[in-house]
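Each residue of the sequence shown is one higher than the last, beginning at 1 in full-length UniProt numbering.
Idealized CB from N, CA, C, for every residue including glycine.
One structure below.
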Amino acid sequence: MRTRSSANQGLNVRNSPGTRTKSRNILMSNISDLVERFNSIALQEGSYTELTAEQEEEIEKALHGGPNTDTIITRFHLIITRADLSTLAGDNRLNDQIINFYMNLLVERNATDPHLPRLYAMNTFFVPKLLSSGHAALRRWTRKVDLFAHDLILVPVHIAGLDHWCMAIVDLGQHTIRYYDSLGGGRPNHQVMDALERYLREESLDKRGNRWRGRILRSATCGSVPGRNIATTVACLAVRLRNMKRERLR
1 MRTRSSANQG
11 LNVRNSPGTR
21 TKSRNILMSN
31 ISDLVERFNS
41 IALQEGSYTE
51 LTAEQEEEIE
61 KALHGGPNTD
71 TIITRFHLII
81 TRADLSTLAG
91 DNRLNDQIIN
101 FYMNLLVERN
111 ATDPHLPRLY
121 AMNTFFVPKL
131 LSSGHAALRR
141 WTRKVDLFAH
151 DLILVPVHIA
161 GLDHWCMAIV
171 DLGQHTIRYY
181 DSLGGGRPNH
191 QVMDALERYL
201 REESLDKRGN
211 RWRGRILRSA
221 TCGSVPGRNI
231 ATTVACLAVR
241 LRNMKRERLR
C-alpha cells in the first residue's frame with residue numbers, strides 16, 4: 001500500500017485541460033455507477049453494461065495517455081494520478097488512494113438520496129492508527145462528527161502480508177459489526193474486530209455518555225458473488241444498500 005505526503009501534491013500535470021476534464025468525467029461516471037450496477041443486475045459475472053467506444057477511448061487515455069505522475073482528478077482532498085488509476089486495471093492491487101476515493105464517492109452518492117442509508121467511511125489510515133494507538137489518538141478525527149447519527153460505517157482494512165483489502169461494516173441500525181473478506185475461508189480478524197468494538201464503545205461514551213452495545217459477527221460471506229478482491233465486498237455492500245433502501249420505501 002502506498003501513501004502520499006503533502007510534498008507530492010505539487011505534481012506537474014502535462015495532459016491538456018480538455019483531456020483532464022473528459023478523463024475526470026469518465027472516471028467519475030464509471031466509478032460512481034459501480035454500486036448502482038450491482039443493484040440492478042443479478043450479480044452474475046459478465047453482465048455489466050457495455051461501454052461505448054468513446055468511453056473506452058477516454059479510459060484508455062486516462063490509463064495510458066501520459067506519464068504516471070499526471071493528475072487525473074483532485075477531489076475529497078485526494079489526488080488521483082495515472083499511477084493510482086492504473087491499479088484499477090486487470091489484477092493489479094488497489095492502493096489506498098483509490099480505496100479512499102471510492103469510499104468518499106459512496107458517501108457522497110448516499111447523501112443525495114434520502115432513501116439510501118446514511119454512510120460514514122473511515123479512511124485507510126484509521127485501522128493502523130486504531131491498532132497502534134487506540135481511541136484516544138483518534139478522538140480528534142471525529143471531533144465534529146457524530147458517528148451514531150449514521151446507518152452504516154465503512155472501515156477498509158488492509159492485510160499487509162497479503163497486499164489484500166477487506167472491509168468491516170458497522171450496521172448501527174442492527175447493532176452489528178460484520179467483516180468481509182473476499183478470499184473467504186471464514187477467517188475472522190479478531191484483532192481488528194475487537195479493536196473496532198472497543199473503539200465504538202469508547203466513542204459512544206465520549207460523545208453520548210453511554211457505551212455502544214453491539215454484536216460482532218466474526219466473518220461474513222458474499223454468497224455466490226464471484227471475485228477475489230474488494231469488488232466482491234462492494235457487491236455485498238450494494239446488496240445491503242439496496243435492501244435498506246427497499247425497507248425505507250415501504
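Where residue i sits in the DSSP three-state scheme
| i | result |
| --- | --- |
| residue 192 | helix |
| residue 40 | Confidence is the limiting factor: at residue 40 the pLDDT is only 46, short of 50, which leaves the residue's position unreliable, though a coordinate-based value still follows. In the structure shown, residue 40 sits in a helix (DSSP, three-state: H, G or I). |
| residue 12 | Legend: pLDDT at residue 12 = 38, less than 50; position of this residue unreliable, value from coordinates given subsequently. Note: residue 12 maps to coil in three-state DSSP. |
| residue 145 | coil |
| residue 168 | strand |
| residue 139 | helix |
| residue 198 | helix |
| residue 119 | strand |
| residue 78 | strand |
| residue 91 | coil |
| residue 213 | coil |
| residue 203 | helix |
Buried or exposed (CB count within 10 angstroms, at least 16 for buried), residue i
| i | result |
| --- | --- |
| residue 182 | buried |
| residue 65 | buried |
| residue 194 | exposed |
| residue 139 | exposed |
| residue 95 | buried |
| residue 84 | buried |
| residue 58 | buried |
| residue 131 | exposed |
| residue 70 | buried |
| residue 137 | exposed |
| residue 203 | buried |
| residue 42 | Note that residue 42 scores a pLDDT of 38, beneath 50, so its modelled location is shaky and nothing firm can be said. |
| residue 97 | buried |
| residue 82 | buried |
| residue 213 | exposed |
| residue 100 | buried |
| residue 124 | buried |
| residue 115 | exposed |
Bounding residues of the alpha helix (DSSP H) (the contiguous stretch that carries residue i)
| i | result |
| --- | --- |
| residue 82 | 82-85 |
| residue 275 | Shown here, the chain extends from 1 to 250; a query on residue 275 therefore has no answer. |
Start-to-end residues for the beta strand (DSSP E) that takes in residue i
| i | result |
| --- | --- |
| residue 96 | Run containing residue 96: none in the beta strand (DSSP E); it sits in the alpha helix (DSSP H), 96-111. |
| residue 156 | 152-159 |
| residue 63 | No beta strand (DSSP E) contains residue 63, which is instead part of the alpha helix (DSSP H) from 53-64. |
| residue 75 | 71-75 |
| residue 178 | 176-180 |
Residue i Cβ short of 7 Å to the ligand GTP heavy atom set
| i | result |
| --- | --- |
| residue 135 | This structure lacks the ligand GTP, and indeed carries no ligand of any kind. |
Check whether the stretch 108-116 and the stretch 164-174 are in contact - that is, three or more C-beta pairs closer than 8 Å.
no
Contact between the stretch 141-151 and the stretch 159-167 is defined here as three or more beta-carbon pairs at a separation below 8 Å; is this criterion met?
no
Validate contact between the stretch 137-149 and the stretch 200-211 using beta carbons, cut 8 Å, 3 pairs:
yes
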